[in-house]
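Residues 763 to 1002 (the numbering used here) are what the sequence shown spells out, left to right.
Note that the Cβ used here is the ideal one computed from N, Cα and C, for glycine as well.
First the structure, in the form of structure tokens, and then the observations on it.
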Amino acid sequence: MEIVIMPTPLEVDSTAADIVEGYVRRGATTLGLATGSSPIGTYRELARRHRVSGLDFSQAQAFLLDEYLGLPKSHSQSYYSVIRAEFVDHVNLDPERVFSPDGEAAIPDAEVERYDRSIAEAGGVDVQLLGIGTDGHIGFNEPGSALSSRTRVKTLTEQTRIDNARFFERPDDVPHHVLTQGLGTISDARHLVMIATGEGKADAIAAAVEGPLTAFCPASILQWHRHVTVVIDEAAAGRL
Ligand code: GLP
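Structure representation (structure tokens):
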């Protein structure tokens, strides 16, 4: 595991963007995209490079980590809409080649199996961006998630619903259930890039990087992966 500590969040963004750019420059590549605020600066930096130096995403495809159950794709807070607004609409990545679990699927258990299979059938993810929850969750794999889990339906903890309430009009609007790639699914990606900034993430980063490998800190699964880069600022590195 490579830990890259940068002085400021802006330098975290450009370091993570450098990694993604390396894959995109190879042409056909499969990106794993995460929502949440952590990767937003990286997306902005990639969009800037597209604008300024023509970084070309036309051969790329992308898979999202997770989606709220019950929200249509068109809902402003569906993760599909968020990733369109934050990233895809600012580069030349074909929206038809951006895939996410269908939050409105009639049979969610069938949908998660289909989605998991579709990632493998597309050749797997080359580089997966990840944020980390304050409780150490990745995607929506809350503490207690099986380390080998596949894409499945999960119930959010109250803490995660509270953390995410800022994106919704009313706290009660935050869905209770989600479809999320499992820890095993995420681990199938060939390169994992975790991005975290700020003191609020320092405990979670310390547990993920230096704590025991345990389902109680889902992000500790990174310790088992053969190719991981953790890109953090000094504040998030404060407890290492
Ligand atoms: C959500 C997302 C995660 C994300 C986490 C942290 O729960 N499902 O993918 O890592 O939030 O979000 P933030 O980066 O805003 O702190």
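When you compare only the Cα positions, how much space is there between residue i and residue j?
{"i": "E873", "j": "I802", "result": "27 Å"}
{"i": "R928", "j": "F819", "result": "31 Å"}
{"i": "T792", "j": "A824", "result": "5 Å"}
{"i": "L817", "j": "L892", "result": "22 Å"}
{"i": "T922", "j": "P933", "result": "11 Å"}
{"i": "G906", "j": "T896", "result": "14 Å"}
{"i": "L954", "j": "A847", "result": "23 Å"}
{"i": "V860", "j": "E764", "result": "28 Å"}
{"i": "F849", "j": "E858", "result": "14 Å"}
{"i": "L833", "j": "T917", "result": "15 Å"}
{"i": "E829", "j": "M768", "result": "30 Å"}
{"i": "K835", "j": "R811", "result": "28 Å"}
{"i": "A908", "j": "T959", "result": "26 Å"}
{"i": "H852", "j": "S843", "result": "13 Å"}
{"i": "A968", "j": "T976", "result": "13 Å"}
Taking 7 Å as the cut-off, decide whether the C-beta atoms of residue i and residue j are in contact.
{"i": "V814", "j": "P870", "result": "no"}
{"i": "G901", "j": "A970", "result": "no"}
{"i": "D732", "j": "R1001", "result": "A query on residue 732 cannot be resolved here, the shown segment of the chain reaching from 763 to 1002 and no further."}
{"i": "E972", "j": "A997", "result": "no"}
{"i": "D775", "j": "T797", "result": "no"}
{"i": "L831", "j": "P937", "result": "yes"}
{"i": "G784", "j": "V887", "result": "no"}
{"i": "V993", "j": "A778", "result": "yes"}
{"i": "S982", "j": "G946", "result": "no"}
{"i": "Y877", "j": "T913", "result": "yes"}
Within 10 Å of its beta-carbon, does residue i have 16 or more other beta-carbons around it, so buried, or fewer, so exposed?
{"i": "I948", "result": "buried"}
{"i": "A868", "result": "exposed"}
{"i": "L984", "result": "buried"}
{"i": "P863", "result": "buried"}
{"i": "E904", "result": "buried"}
{"i": "H989", "result": "exposed"}
{"i": "L772", "result": "exposed"}
{"i": "S880", "result": "exposed"}
{"i": "I924", "result": "exposed"}
{"i": "G944", "result": "buried"}
{"i": "E807", "result": "buried"}
{"i": "A882", "result": "exposed"}
Taking only beta-carbon atoms, is residue i less than 7 Å away from chain B?
{"i": "E972", "result": "The structure shown contains no chain B; it holds only a single protein chain."}
Any heavy atom of the ligand GLP inside 6 Å of the beta-carbon of residue i?
{"i": "G893", "result": "yes"}
{"i": "A847", "result": "no"}
{"i": "A796", "result": "yes"}
{"i": "F902", "result": "yes"}
{"i": "D818", "result": "no"}
{"i": "D828", "result": "yes"}
{"i": "V911", "result": "Reading the sequence as shown, one finds Ser at residue 911 and not Val. Every heavy atom of the ligand GLP is 6 Å or more from the Cβ of S911, so no."}
{"i": "S799", "result": "yes"}
What is the DSSP secondary structure of residue i, reduced to helix, strand or coil?
{"i": "E920", "result": "helix"}
{"i": "A839", "result": "In the sequence on display, residue 839 carries Gln and not Ala. Q839: coil per DSSP, three-state reduction."}
{"i": "N926", "result": "helix"}
{"i": "Q890", "result": "strand"}
{"i": "A882", "result": "helix"}
{"i": "D780", "result": "helix"}
{"i": "G794", "result": "strand"}
{"i": "Q985", "result": "helix"}
{"i": "A964", "result": "helix"}
{"i": "R914", "result": "strand"}
{"i": "L826", "result": "strand"}
{"i": "D818", "result": "coil"}
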